[in-house]
Structures are given as C-alpha cells and as structure tokens.
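Peer 1: Residue numbers (the working numbering): 20 to 322.
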Amino acid sequence: MPEGGEARWLLTNEGVRLRVFTWPGAREGRGTVFLFGGRTEFVEKYFEVVGELRARGFAVVSFDWRGQGLSDRPLADSRKGHIDDFATFDSDLALLMSEVAPAFPKPWTAFAHSMGGQILIRAAHDHPEWFSRIVLSAPMLGLRFSRAAERAIRALAFAFHAAGLAGRYVPGGTPKAADETPFEENILTSDEKRYALLQSLVQAEPKLGLGGATVGWLRAAFRSMDMAAAPGWLGSIKTPVLICEAARDALISPLALRHAAAHLPACELVTIPDAKHEILIERDPARAAFWQAFDRFMGIGNQ
C-alpha cells in the first residue's frame, strides 16, 4: 500500500459496506484524483497507479464497487459478478462524493477503467458539478461483439432475466476469477510480471476474486450502454473527457469509443499502441504512452 494511505468502511442506507481508500495530496493546488476500477477489480490492483498519481502531487480517493473487492456482495455465491441496475452504482458513487470527497482538495478529477468508465460517464451527465476533468481507460461504452452475436446475447440476457434467472451466471460463466487464468490464456495484458503480481493478490486473499458476470449484470450493462450512447445524451456532457483506447482490446468496441468521442463536446480520443484491455497493467511502453496523454490532458508540465 503506498505510504500515507488509510482504509475505511462507507455504509449505505441499506447497510451495505463499501471499502474506501484515501491518500493525502503531496502538492498544493494539484487537487484530487478519484480512481475507479472496472468489473472484477479492487483497489490493491491499482496501488502502482496510486503511487504514480501521488508522485504527480495528487491526493487520491478510491473504493471497491459494490459486489467487488472486499465491499459487500449481493449474492450468496460471492464469486458471481452481479448488479440489479447501474443506478445502484450511481447511488454508491453519490454517497462517496457526499461523505468522503468534501475532505479532499479541488479540483476533482475522475479516472476510471472499463466498467468504471460507464459509471463515470453517467456521473458526468447527472452530476456535472463533481469533476472538472474525466480520464477514461478503455471505458465500457460498448462491447466488442459482431452484430449478430450481440443480438443473440442481448436476447438471451433479457429472456433469462424475464424468467427470473437474473442471478444465474451468463452462459459459459464460472466462479473462476480472471486473475486466476494462466497468463498464456489471458486477454487483459501482455505484461507477465504485473499479471503475476495480480494473481498473487488473489492468492493471498481469495475474497478479492470475482468470477463471471450474471445475467442480471449483463442486462443492466446493456441498458446503461444503450442510454449512454444516445447522441443527445452524450452531447449534454460539457466536462472535458480523455478517452484512452487500447489498440489490442478484445473486450471493448472501438466503434463505440469513436462514437462517444464524436458526440462528446469536449473529448480527446487517444489510442495506446500495443495495449490490451488493461492499459494500466500493461508493459512499460504502453503505460508510458498513457501517462504522456494523461499529463498533457491535465496540463502537467505546463505549470
């Protein structure tokens, strides 16, 4: 854990515990970065990133999304990645911003990966007062399926949900966590050392592991992505946004990222060469390209 960090529980109105981590800033006026992971992820996975943000002078706030990390999970089978609706994530984020954020210096910047990017684009639309800038790493604005495959998957997810099977794994889903997959079979990163470190975290604390998504999660994800793809909806977001696309991403639709960038009024789209989905867990050259884009977007080096 990077030096100076503190961990605490944030309790929702219905008694759900959310695990929060905070680090103070190291430079006056630099502000705070709110760091949000994607599906299956947990704060420890981003300790290297936290250190890099703090080296730039930022305070950092992060937390485990409901159902992930050591935050409370909604189903008896804790390996199932489940959510009823992305509005639940919205409520948890709003609680963080009301109960934790006020103690940290402005300006506030959101930095989110994958599923976290979908949740943060919703926040940019509904709460433009929260963040002065938003940085999205391979955001889940659309999944990489063929049109025929997506139609079939959507139909299956909505039919299973209507049949009362929201808590069932999506077909092919298992309790096995992504970080428990052998490196040679993973589609997330080409950096073997960083991947091994992630595996060691789940080995040390198996409760951090999260398996496949449920039918309910997939249905909720499709509904959220559909809403957030509407041109008029995107066009109302005035906050400056940086979208970083992973050039070798097997999960996220590049067309969806370009669609969003074309309709967001203040958006920059940068492609990170040789990066798989998890840009921040990639090899050093890909990470360096990301940080170059981040620093330029944040005005670091111009101050």
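Idealized CB from N, CA, C, for every residue including glycine.
Just so we're clear, the structure is a prediction, and the values are computed from it rather than from any experiment.
How many Å lie between residue 175 and residue 270 at the Cα?
Peer 2: When rounded, the distance between both Cα atoms is 19 Å.
Peer 1: So what does residue 232 bridge to, in DSSP terms?
Peer 2: In DSSP, residue 232 forms a bridge with 100.
Peer 1: For residue 158 versus residue 140, is the C-beta spacing smaller than 8 Å?
Peer 2: It is a contact, given that the beta carbons lie within the stated cut-off.
Peer 1: Please report the distance separating the alpha-carbon of residue 150 from that of residue 256.
Peer 2: If I take the Cα positions, the gap works out to 11 Å.
Peer 1: With a cut-off of 8 Å on the beta carbons, I'd call residue 220 and residue 227 a contact; round off their distance for me.
Peer 2: That pair is a contact at about 6 Å.
Peer 1: Whose C-alpha, out of 64, 278, 74, is nearest the C-alpha of residue 51?
Peer 2: The option with the nearest alpha carbon to residue 51 is 74.
Peer 1: Please classify residue 295 as buried or exposed, where buried requires at least 16 neighbouring CB atoms within 10 angstroms.
Peer 2: Buried.
Peer 1: In whole angstroms, give me the CA-to-CA distance for residue 309 and residue 260.
Peer 2: Rounded to whole angstroms, residue 309 to residue 260 spans 14 Å at the Cα level.
Peer 1: Taking only the alpha-carbon atoms, compute the straight-line gap between residue 287 and residue 297 and give it to the nearest angstrom.
Peer 2: If I take the Cα positions, the gap works out to 19 Å.
Peer 1: Spell out a yes or no on whether the stretch 32-44 and the stretch 190-206 are touching, meaning 3 or more CB-CB pairs, one atom from each, closer than 8 Å.
Peer 2: No: the two stretches stay apart, fewer than three of their Cβ pairs being nearer than 8 Å.
Peer 1: Specify the secondary structure class of residue 282 as computed by DSSP and reduced to three states.
Peer 2: Residue 282: helix per DSSP, three-state reduction.
Peer 1: Go through the stretch 134-180 residue by residue and report every complete run of the beta strand (DSSP E) that reaches 3 residues or more, in order.
Peer 2: Taking only runs of at least 3 residues, the beta strand (DSSP E) segments lying wholly in the stretch 134-180 are 152-156.
Peer 1: From the DSSP output, in three-state form, read off residue 275 for me.
Peer 2: Three-state DSSP puts residue 275 in a helix.
Peer 1: Reducing DSSP to helix, strand and coil, say where residue 265 ends up.
Peer 2: DSSP places residue 265 in strand when its eight states are reduced to three.
Peer 1: Enumerate in chain order the residues of its own chain whose CB-to-CB distance from residue 59 is below 6 Å, with the five nearest sequence positions on each side excluded.
Peer 2: So the qualifying residues of the chain are 197, 229.
Peer 1: Hey, out of 281, 45, 24, 55, whose CA is closest to residue 154's CA?
Peer 2: Comparing Cα positions, the closest option is 55.
Peer 1: Buried or exposed: residue 100, going by 16 or more other Cβ atoms within 10 Å of its Cβ?
Peer 2: Result: buried.
Peer 1: Mapping DSSP to helix, strand and coil, what is residue 61?
Peer 2: Three-state DSSP puts residue 61 in coil, outside helix and strand.
Peer 1: At the level of alpha carbons, what is the spacing between residue 90 and residue 76?
Peer 2: Answer to the nearest angstrom: the Cα atoms are 28 Å apart.
Peer 1: Using a 10 Å radius around the Cβ and a threshold of 16 neighbouring Cβ atoms, would you call residue 232 buried or exposed?
Peer 2: Residue 232 is buried by the Cβ-count criterion.
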